[in-house]
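Enquirer: Mind looking over this structure? Questions follow.
Residue numbers (the numbering used here): 8 to 221.
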């Protein structure tokens with residue numbers, strides 16, 4: 008069972024369950040907005056690394072320092088997403104806007120070109136060393152959280168599911184809807200989730216076509 012974001016990020020939740028949460032937000036916020044926000048949250052560590060990379064390139068940091076600062080910034084971004092620490096104003100909205108560029112290689116191309124023009128191939132290489140070292144650390148954090156969720160609720164939550172619930176909480180807090188993930192008796196059975204799903208299907212049929220409850 009899974010639903011997918013517009014760019015194909017897999018969220019391992021049943022359609023009726025996921026859209027029951029979205030129905031709490033609808034019509035003030037649509038399913039498309041929630042799913043795009045999941046993509047934005049997912050992109051936070053990469054964006055932290057990207058902007059830090061531009062800064063250390065332009066300021067001619069040494070290769071070792073480039074790796075260190077890029078790695079630390081990416082890990083900080085990973086911790087923000089892992090624990091839902093969205094205290095920086097407009098952070099998620101800003102990066103969600105940038106998520107529309109994901110998939111076109113914009114960030115990688117910009118980093119490579121800027122790096123080669125400022126710090127050369129070695130500095131550029133150390134950017135990627137720092138970035139992928141941070142990815143390993145974030146992977147460990149995500150694995151720990153999956154195991155913790157498995158103990159608490161009986162099944163593991165990957166980063167994608169966690170980010171879906173974080174996206175829900177962000178929107179819910181903006182409009183005064185409960186941020187609790189506990190469902191009321193009969194909430195799914197009420198069928199309210201079908202309306203936001205239908206509207207998404209009308210506007211984005213290719214997205215909904217990926218959904219599966221098998």
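Cβ atoms here follow ideal geometry from the backbone N, Cα and C, with glycine treated the same way.
Taking the DSSP output, what are the residues bridged to residue 219?
Expert: Beta-bridge pairing links residue 219 to 9.
Enquirer: Quick one: what's got a C-beta closer than 6 Å to residue 133's C-beta in the same chain, skipping five residues either side?
Expert: Here the set comprises 70, 73, 74.
Enquirer: In this structure, how does DSSP classify residue 95 when only helix, strand and coil are distinguished?
Expert: Reduced to three states, the DSSP call for residue 95 is coil.
Enquirer: Assuming residue 132 is part of the alpha helix (DSSP H), what are its boundary residues?
Expert: That run of the alpha helix (DSSP H) goes 127–160.
Enquirer: Nearest by alpha-carbon distance to residue 5: which of 220, 178, 150, 205 is it?
Expert: Residue 5 is absent from the structure shown; the chain starts at 8 and stops at 221.
Enquirer: May I ask which residues mark the beginning and end of the alpha helix (DSSP H) holding residue 38?
Expert: It spans 38–49 - the alpha helix (DSSP H) in which residue 38 sits, taken as one unbroken run.
Enquirer: Start and end of the alpha helix (DSSP H) containing residue 167?
Expert: Element bounds for residue 167: 166–182.
Enquirer: The alpha helix (DSSP H) with residue 32 in it runs from where to where?
Expert: Counting along the chain, the alpha helix (DSSP H) containing residue 32 begins and ends at 22–32.
Enquirer: Nearest by alpha-carbon distance to residue 90: which of 208, 155, 38, 39 is it?
Expert: Of 208, 155, 38, 39, the residue nearest in Cα terms is 155.
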